[in-house]
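Heads up, the thing below is written out as structure tokens.
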Amino acid sequence: GAVVSQHPSWVICKSGTSVKIECRSLDFQATTMFWYRQFPKQSLMLMATSNEGSKATYEQGVEKDKFLINHASLTLSTLTVTSAHPEDSSFYICSELGENIQYFGAGTRLSVL
Amino acid sequence: GESVGLHLPTLSVQEGDNSIINCAYSNSASDYFIWYKQESGKGPQFIIDIRSNMDKRQGQRVTVLLNKTVKHLSLQIAATQPGDSAVYFCAEISGGGGNKLTFGTGTQLKVEL
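Chains A and B are the protein sequences, given in the same order. Quick note: the first sequence uses our numbering, first residue 375, plus one each step. Quick note: the second sequence uses our numbering, first residue 35, plus one each step.
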């Protein structure tokens, strides 16, 4: 069964609003979670590494003030897309690190109008 | 570096045939490799993994082959079924990169009845 629960699965929002995506670990406590972004017909691109109790580590080119990550507990990491614009429309996927294997959530499709 | 594909290569096979999906990696320091399956609109699912000290590993209907000399990885699926239709990604982890996955371009597998 699923080890990572991601919510919502699909969200449509107006340009300029903020959207929060949640990623919950179901089976064990996840010290480290990852956030990815995937455009249609493309591979997954790592956005940031979320560490429980500390600041997230962002990949080069990812705006930390736009993509806010909070990992306040061992079972929950959130990604907030602030002031979303149409170009932020994408498929966002979280994962948690198990024993050497990353387990992925079902993904969130964000459509910004 | 990271691989970003603009066009997913497609492999079409007849139901019951064997499928071979290939992946080239660039980082010779990578020591752990994983194959993921991603169905449309879902997050990636773990299929099989292999460490760099091995050249072959078998699972249920799947086999992964690793050729470190030419930095090539392949996934073989025996007796391909319609449910195998998906995009398949190889991913690598380098010893010095923490647990960050670098994903390959991906291959769309289409199973024809």
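Cβ atoms here follow ideal geometry from the backbone N, Cα and C, with glycine treated the same way. In this text, all values refer to a predicted model and were calculated from it rather than measured experimentally.
Please return the same chain residues whose Cβ sits closer than 6 Å to the Cβ of residue i, not counting the five positions on each side in sequence.
| i | result |
| --- | --- |
| F137 of chain B | F123 and A125 |
| K440 of chain A | T456 |
| F67 of chain B | I84, L107 and E126 |
| A430 of chain A | A422, S424 and I443 |
| K71 of chain B | Q79, I81, A120 and Y122 |
| P43 of chain B | T141 |
| V385 of chain A | V393 and L484 |
| D462 of chain A | V455 and V486 |
| N56 of chain B | S108 |
Please tell me whether residue i has its Cβ less than 8 Å away from any Cβ of chain A.
| i | result |
| --- | --- |
| P116 of chain B | no |
| Y122 of chain B | no |
| G35 of chain B | Caution applies to G35 of chain B, whose pLDDT of 36 falls short of 50 and renders its modelled position unreliable; the value that the coordinates give is listed next. Chain A, which has no Cβ nearer than 8 Å to the Cβ of G35 of chain B, makes this no. |
| K134 of chain B | yes |
| Q45 of chain B | Going by the sequence as given, residue 45 of chain B is Leu instead of Gln. So, not an interface residue. |
| I68 of chain B | yes |
| D65 of chain B | no |
Just the C-alpha distance for residue i and residue j, rounded to the nearest angstrom, thanks.
| i | j | result |
| --- | --- | --- |
| T97 of chain B | G140 of chain B | 17 Å |
| Q403 of chain A | Q48 of chain B | 42 Å |
| L135 of chain B | W69 of chain B | 11 Å |
| T482 of chain A | S464 of chain A | 8 Å |
| S37 of chain B | K105 of chain B | With a pLDDT of 43 at S37 of chain B, under the threshold of 50, the predicted position of this residue should be treated as unreliable, and no value is reported. |
| Q94 of chain B | S53 of chain B | 14 Å |
| N101 of chain B | L109 of chain B | 12 Å |
| Q416 of chain A | S447 of chain A | 31 Å |
| S46 of chain B | E146 of chain B | 7 Å |
| Q434 of chain A | E426 of chain A | 21 Å |
| C397 of chain A | G77 of chain B | 12 Å |
| N133 of chain B | K144 of chain B | 31 Å |
| S86 of chain B | A112 of chain B | 23 Å |
| D89 of chain B | T391 of chain A | 50 Å |
| W409 of chain A | D51 of chain B | 36 Å |
| N474 of chain A | M407 of chain A | 12 Å |
| P116 of chain B | S428 of chain A | 44 Å |
| A63 of chain B | P414 of chain A | 30 Å |
| F118 of chain B | Y59 of chain B | Here residue 118 of chain B is Asp; the residue named in the question, Phe, does not match the sequence. Going from the Cα of D118 of chain B to the Cα of Y59 of chain B covers about 23 Å. |
Can you find the residues in the same chain that come closer than 8 Å, C-beta to C-beta, to residue i, ignoring five residues on each side of it along the sequence?
| i | result |
| --- | --- |
| C387 of chain A | V393, A458, L484, S485, V486 and L487 |
Figure out for me which residue from the options has the closest Cα to the Cα of residue i.
| i | options | result |
| --- | --- | --- |
| H381 of chain A | A:M421, A:Q434, A:E461 and A:I467 | A:I467 |
| L400 of chain A | A:T449, A:S389 and A:Q412 | A:T449 |
| Q79 of chain B | A:I395, A:V378, A:F465 and A:D462 | A:V378 |
| T452 of chain A | A:P460, A:S469 and A:E437 | A:S469 |
| S383 of chain A | B:D89, B:S74 and B:S60 | B:S74 |
| N61 of chain B | B:K90, B:G50, B:L99 and B:T103 | B:T103 |
Say whether chain B places a C-beta atom closer than 8 Å to the C-beta of residue i.
| i | result |
| --- | --- |
| L418 of chain A | yes |
| L448 of chain A | no |
| L400 of chain A | no |
| F478 of chain A | yes |
| G481 of chain A | yes |
| L442 of chain A | no |
| K415 of chain A | yes |
| C453 of chain A | The question names Cys, yet the displayed sequence has Leu at residue 453 of chain A. Taking Cβ atoms only, chain B never reaches closer than 8 Å to L453 of chain A, which makes this a no. |
Checking the sheet assignment: what are the DSSP bridge partners for residue i?
| i | result |
| --- | --- |
| S399 of chain A | A:V378 |
| D83 of chain B | B:I68 |
| K144 of chain B | B:S46 |
Once you ignore the five residues that flank residue i on each side, which residues in its own chain have a CB closer than 7 Å to its CB?
| i | result |
| --- | --- |
| Q92 of chain B | none |
| S389 of chain A | A458, H459, P460, V486 and L487 |
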